[in-house]
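Chemist:
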Amino acid sequence: MKQLEQIFRTAGVTGWLHAVDIDTGREVGLGADEPVVLASVFKVPLLVAFYRQAERGLIDPAERVTVSAEGRPGGGTGVSAMLDEVTASLRDLAYLTISVSDNASADTLLARVGLDEVNAVLADLGLSHTWVEHSCAELFTTMREDAGAADMAELSQMTTDPAVLSRLRVLDPARTSRSTCRDMTRLLGMIWRDEAAGPASCAAVRRLMGLQVWPHRLASGFPYDDVAVSGKTGTLPTVRNEVGVIEYPDGGRYAIAVFTRSIGTAQNQPRADAAIGTAARVAVDHLRARFMGAGTI
């Protein structure tokens with residue numbers, strides 16, 4: 001634990017972590033049961049709910065939908081950053097939701113699946129500490145209201161002010177989409193063991209998480225061609241998260257959730273990003289060495 005605490009302290013963040021061997025149940029944690037802000041990590045349970053509805057014939061993943069150019073939530077990736085209306089299949093919007101964390105695609109899926117259904121799936125899976133409170137658009141509306149900002153550009157300027165940050169409900173786990181590190185690794189374990197949905201649906205979620213493009217958090221701790229990293233990030237002012245699964249060529253599979261809250265208010269937090277990968281690597285190394293009698297962390 002001390003090594004993990006030191007990694008987070010050096011990066012200027014408070015960190016929460018849980019890592020578990022998917023096949024043996026060996027685990028290591030730091031604040032694993034404390035409530036944390038999900039941010040865009042909520043898109044993983046959204047995807048599970050989407051594919052579970054597809055299994056029941058309630059949604060056709062190949063259905064083509066048009067996302068209007070008007071009223072899209074903020075975000076600088078995917079459809080959210082495009083200027084014109086976009087027509088794509090629901091499953092391609094699911095791809096954008098995970099691979100580049102596109103908020104417009106996520107909200108289109110959420111409108112089709114239903115917020116209540118996402119939370120019902122979480123309850124069915126026994127993830128009692130996890131709750132999805134709102135869509136991406138509603139999250140940004142809440143932020144603008146709390147900050148007193150007229151638009152997203154003004155909000156971006158205001159969220160480096162600690163006084164403004166203290167007013168944001170989206171940074172309070174009690175008032176926003178939330179979970180715990182342990183709940184998130186449980187969900188990942190169920191996805192990788194084909195327990196969160198049918199085998200084809202779980203395989204689809206695994207595929208999309210493996211296509212996430214961001215290399216600067218979890219993946220930075222495992223820079224090897226033969227180690228696969230599948231993940232989903234989450235980002236808000238002072239919040240940097242990622243959950244994912246690390247797979248080794250010897251068959252070892254490790255679910256890990258790392259959530260951080262920075263002391264500084266800068267929009268760019270490279271030390272926090274790097275700490276997620278470093279802490280994850282330390283935790284996974286511990287799990288891989290533990291059965292051989294290695295020491296604690």
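Counting from 1, position 127 in the sequence shown corresponds to residue 127 in full-length UniProt numbering; the numbering is continuous, with no gaps.
Every residue gets a Cβ at the ideal spot worked out from N, C-alpha and C, and that includes glycine.
Put S40 into one of helix, strand or coil per three-state DSSP.
Modeler: Walking along the sequence shown from the start, residue 40 turns up at place 40. DSSP places S40 in helix when its eight states are reduced to three.
Chemist: In the DSSP assignment, find the alpha helix (DSSP H) that holds V205 and state where it starts and stops.
Modeler: Position 205 of the sequence shown, counting from 1, holds the residue named residue 205. That run of the alpha helix (DSSP H) goes 199–210.
Chemist: With DSSP collapsed to three states, give me the class of S105.
Modeler: Counting from 1 along the sequence shown, the entry for residue 105 is found at position 105. In this structure, S105 counts as helix in the three-state DSSP scheme.
Chemist: Name the residue from D151, L38, V113 whose alpha carbon lies nearest to the alpha carbon of residue 342.
Modeler: This structure cannot speak to residue 342, because the chain is shown only from 1 to 297.
Chemist: Look at the alpha carbon of E27 and the alpha carbon of D21, and state the distance between them as a whole number of angstroms.
Modeler: Your numbering for residue 27 matches position 27 in the sequence shown. Your numbering for residue 21 matches position 21 in the sequence shown. Each residue's alpha carbon lies about 6 Å from the other.
Chemist: Please state whether the Cβ-Cβ distance between L187 and A196 is less than 8 Å.
Modeler: Locating residue 187 in the sequence shown gives position 187, counting from the first residue. Locating residue 196 in the sequence shown gives position 196, counting from the first residue. Yes, the pair counts as a contact, with Cβ atoms nearer than the cut-off.
Chemist: Going by other Cβ atoms of all chains shown within 10 Å of its Cβ, with 16 needed for buried, is A32 buried or exposed?
Modeler: As a position in the sequence shown, residue 32 is number 32, starting the count at 1. With 16 or more other Cβ atoms within 10 Å, it is buried.
Chemist: Thinking V243 and V48 are a contact (beta carbons under 8 Å), I'd like their distance in whole angstroms, please.
Modeler: What you label residue 243 is simply residue 243 of the sequence shown in a count that begins at 1. What you label residue 48 is simply residue 48 of the sequence shown in a count that begins at 1. Not confirmed; about 13 Å, so no contact.
Chemist: So what does DSSP say about N119, is it helix, strand or coil?
Modeler: Here residue 119 corresponds to residue number 119 of the sequence shown, with the count starting at 1. If DSSP states are grouped into helix, strand and coil, N119 belongs with the helices.
Chemist: Per DSSP, what are the beta-bridge partners of I246 in this structure?
Modeler: Counted from its first residue, the sequence shown places residue 246 at position 246. In DSSP, I246 forms a bridge with V229, Y254.
Chemist: In terms of alpha-carbon separation, which member of V245, T180, A111, G231 lies closest to L17?
Modeler: Taking the sequence shown and counting its residues from 1, the one referred to as residue 17 is at position 17. Ranking the options by Cα distance to L17, first place goes to T180.
Chemist: So A275 and I7 are in contact, right, with Cβ under 8 Å, and what is the actual spacing, rounded?
Modeler: By 1-based counting over the sequence shown, the position of residue 275 is 275. By 1-based counting over the sequence shown, the position of residue 7 is 7. Confirmed, Cβ separation roughly 5 Å.
Chemist: State the DSSP-derived secondary structure class of E85, mapped to helix, strand or coil.
Modeler: As a position in the sequence shown, residue 85 is number 85, starting the count at 1. Reduced to three states, the DSSP call for E85 is coil.
Chemist: How should V170 be labelled, buried or exposed, when 16 other C-beta atoms within 10 angstroms of its C-beta is the threshold for buried?
Modeler: The residue you call residue 170 lines up with position 170 of the sequence shown. Per the 10 Å Cβ criterion, buried.
Chemist: Using the rule of at least 16 other Cβ atoms within 10 Å of the residue's Cβ for burial, across every protein chain shown, is D102 buried or exposed?
Modeler: Position 102 of the sequence shown, counting from 1, holds the residue named residue 102. With 16 or more Cβ atoms within 10 Å of its Cβ, D102 is classed as buried.
Chemist: Touching or not, the region 96–110 and the region 148–162, by the rule of three or more beta carbon pairs under 8 Å?
Modeler: Counting Cβ pairs under 8 Å, fewer than three are found: no touch.
Chemist: On the DSSP bridge list, what partners appear for residue 309?
Modeler: No answer is possible for residue 309: the residues shown for the chain start at 1 and end at 297.
Chemist: Who are the near neighbours of M184 in its chain, counting only those whose CB is closer than 6 Å to its CB and skipping five residues on each side?
Modeler: Locating residue 184 in the sequence shown gives position 184, where the first residue counts as 1. So the list reads V243, A257, once near-sequence residues are dropped.
Chemist: From V245 to V164, what distance separates their C-alpha atoms?
Modeler: Sequence index remark: in the sequence shown, residue 245 carries index 245 (1-based). Sequence index remark: in the sequence shown, residue 164 carries index 164 (1-based). Straight-line Cα distance between these residues: approximately 35 Å.
Chemist: Apply the 10 Å Cβ neighbour rule to T10 and answer buried if 16 or more other Cβ atoms are within range, or exposed otherwise.
Modeler: As a working note, residue 10 is residue 10 in the sequence shown. Per the 10 Å Cβ criterion, exposed.
Chemist: The beta strand (DSSP E) with V28 in it runs from where to where?
Modeler: To locate residue 28, count along the sequence shown from 1; it is residue 28. Segment 27–30, the beta strand (DSSP E) holding V28.
Chemist: Just to confirm my understanding: we take residue 329, look at its own chain, exclude 5 residues before and 5 after, and list those with CB closer than 7 Å. What are they?
Modeler: The requested residue 329 is not part of the displayed model; the chain covers only 1 to 297.
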